[in-house]
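Below is one structure; the comments refer to it alone.
Protein chains in written order, with this note's numbering: chain Y, -4 to 301; chain L, -4 to 301.
Below, the structure written as structure tokens:
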């Protein structure tokens, strides 16, 4: 009995050690930070839209270049009558500061009450805190991606590399993914819509955020995404397994491939709709749904012979 | 020409005055604050979920009662080894503080790196700022609703009164709404789904947040919402037009009506599906869609005689 107790204790200890060592992988922290960054960006955009709408009833003439600038001005003015000194502290550009002062002095907006001022100033401060937190998250994501995924971060950028990792779930999973899966990471919804309902297949997921893809003419985007995915998939082997920095060579051949795509003549027809995949799970069962969009049940009824 | 110029100047001045006086209505500020509160609550919940998941890789054993408590602990510990003094500053309950100390000393979690720590501590601080901003917004909403909508705030609560206002768009619009519209404010999506596709009609919108409705048995909720909406609609006339506080009497008759609903025997059958409304815009055109749910086009095909 005594040895049984001891065995149990040892096993528990081993399990704990196992968990502990699993937690030591920094990839978990990077994935969490990347998700936090993505979610917080959305919240920040929402908060900024609200702030500009709300602040607009006090100062409808204002136009600031960035969310941060507007929040800084709102905090600086703090509901007081405009003061050139205060404004020029918040707005570094002198002519802009003068313009703000002039407009604020002749504003048609509402005068702030006391509690109102507390609420909107606190809200503006929160916008600034969000901005600062985003900066901090980005700094960590940058340094951690460059450490863990040097090749991928070099080929794409640090944020995109971290997002690919967090979609994949772990470094190992990401490194063993085929290039085609990497190309479509983040486009799961569109992919399954394609498989189930025969809508157009997606051409890229997270990779769309790459300027090289997002700003290319539409008909090139899928091809460029494919080239990127291939090189990323090779780079990942260097990141995770051989721990070698091979991105410079990859980047060169990547650029050459993108150049080839860009100099190729534009196809005369748009991409032909490939419909539902012919092989795989749904192969041959084309009749159970319409080719594109809509409700498969509706399609079936519609084509019933009369 | 001179008089024309003068006329133009006067008209511009008048228009400006008009805009200025329109902005002076405090209802705009209340609506903005109410919307900000609603959006920020969502962002806060999202941030807290992320924080508890993220902090879980450093300290998986932790269970704190509230988002704020977890963020406070994360900021206090700041990635350092646990220290009873630091913990008891963040956790006021003594036995809870001891439990946290015990668990933190034997944690299976990951050790924080430097940049990681900066990122997660900044993120925890942001959660605390969000909490503080929510408090400030709520304080303003409370005092402004009680000032502008005393009857409605008394019958429901200050946040719900402000939400009704911001859905309606202005005090005047809200005060002239029929009780049935007030009952369904915030349920527009379900209402139009009902009108277009004949799904079940909604019974309440924003009013669902009232504990009296949200916690009642399902078959009573619609009736209670109707009674509330009626009394709110009467109270609003006092809020906006006669500026009298009549909510005490209303509340008494409201409570009596709710009591009557609660003591009535439970109906034997569930509410009968009333289908698409028989009158009004779509009256008599029952044939263009199925009665309940689904795609109307599909329904039509389905019932074609074979």
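Idealized CB from N, CA, C, for every residue including glycine.
Under a CB-based cut-off of 9 Å, is residue i close to chain Y?
i             : result
residue 94/L  : no
residue 160/L : no
residue 55/L  : yes
residue 0/L   : no
residue 115/L : yes
residue 67/L  : no
residue 3/L   : no
residue 43/L  : no
residue 30/L  : yes
residue -3/L  : no
residue 144/L : no
residue 138/L : yes
residue 108/L : yes
residue 59/L  : no
residue 72/L  : no
residue 118/L : yes
residue 124/L : yes
What is the residue span of the alpha helix (DSSP H) that residue i lies within?
i             : result
residue 237/L : Element bounds for residue 237/L: n/a, residue is neither H nor E.
residue 62/L  : 62 to 72
residue 244/L : 242 to 258
residue 142/L : 109 to 143
residue 205/L : Unbroken run through residue 205/L: none, as it is neither H nor E.
residue 178/Y : 174 to 179
residue 53/Y  : Looking at the DSSP string, residue 53/Y is not in any alpha helix (DSSP H), and its letter there is neither H nor E.
residue 222/L : 213 to 232
residue 10/L  : -3 to 18
residue 79/Y  : 79 to 85
residue 183/L : 183 to 192
residue 96/L  : 89 to 100
residue 155/L : 153 to 163
residue 261/L : That residue, residue 261/L, is in no alpha helix (DSSP H); it is neither H nor E in DSSP.
residue 168/Y : 166 to 170
Take the Cβ of residue i as the centre, count every other Cβ of all protein chains shown within 10 Å, and call the residue buried at 16 or more, exposed below.
i             : result
residue 131/Y : buried
residue 187/L : exposed
residue 143/L : buried
residue 214/Y : exposed
residue 37/Y  : exposed
residue -1/Y  : exposed
residue 3/Y   : exposed
residue 183/L : exposed
residue 101/Y : exposed
residue 61/L  : exposed
residue 309/L : Because chain L here runs from -4 to 301, residue 309/L falls outside it and cannot be looked at.
residue 297/L : Summary for residue 297/L: the model assigns pLDDT 40, below 50, so the residue's position carries little reliability; its value from the coordinates is reported in the next sentence. Exposed, because fewer than 16 other Cβ atoms sit within 10 Å of the Cβ of residue 297/L.
residue 106/Y : exposed
residue 11/L  : exposed
residue 27/L  : buried
residue -3/L  : exposed
residue 84/Y  : exposed
residue 111/Y : buried
residue 172/L : buried
Taking 8 Å as the cut-off, is the beta-carbon of residue i closer than that to any non-hydrogen atom of the ligand GTP?
i            : result
residue 85/L : With respect to the ligand GTP, the structure offers nothing, as it holds no ligand at all.
Kindly say whether residue i, judged by its beta-carbon, lies nearer than 9 Å to any beta-carbon of chain L.
i             : result
residue 165/Y : no
residue 64/Y  : no
residue 150/Y : no
residue 52/Y  : yes
residue 203/Y : no
residue 153/Y : no
residue 223/Y : no
residue 127/Y : yes
residue 280/Y : With a pLDDT of 44 at residue 280/Y, under the threshold of 50, the predicted position of this residue should be treated as unreliable, though the coordinate-derived value follows. With 9 Å as the cut-off, residue 280/Y does not count as an interface residue toward chain L.
residue 132/Y : yes
residue 263/Y : no
Can you find a CB in chain B that lies within less than 9 Å of the CB of residue i?
i            : result
residue 24/L : Among the chains of the structure shown, chain B does not appear; the protein chains present are Y and L.
Closer than 7 Å, Cβ to any Cβ of chain Y: which residues of the region 169 to 199 of chain L, in chain order?
If the cut-off is 7 Å between Cβ atoms, the region 169 to 199 of chain L has nothing near chain Y.
In chain order, what residues of the region 6 to 19 of chain L put their CB closer than 7 Å to some CB of chain Y?
Taking 7 Å as the cut-off between beta carbons, the residues of the region 6 to 19 of chain L near chain Y are 11, 14, 15, 18, 19, in sequence order.
Between the region 209 to 221 of chain L and chain Y, which residues of the former have CB atoms less than 8 Å from a CB of the latter, in chain order?
From the region 209 to 221 of chain L, no residue has a Cβ closer than 8 Å to chain Y.
Taking only beta carbons into account, state which residues of the region 79 to 104 of chain Y come closer than 7 Å to chain L, listed in chain order.
For chain L, the residues of the region 79 to 104 of chain Y that bring a beta carbon within less than 7 Å of one of its beta carbons are 103, 104, in chain order.
Output, in sequence order along the chain, the residues in the region 232 to 253 of chain L whose CB is closer than 8 Å to any CB in chain Y.
Result list empty, no residue passes.
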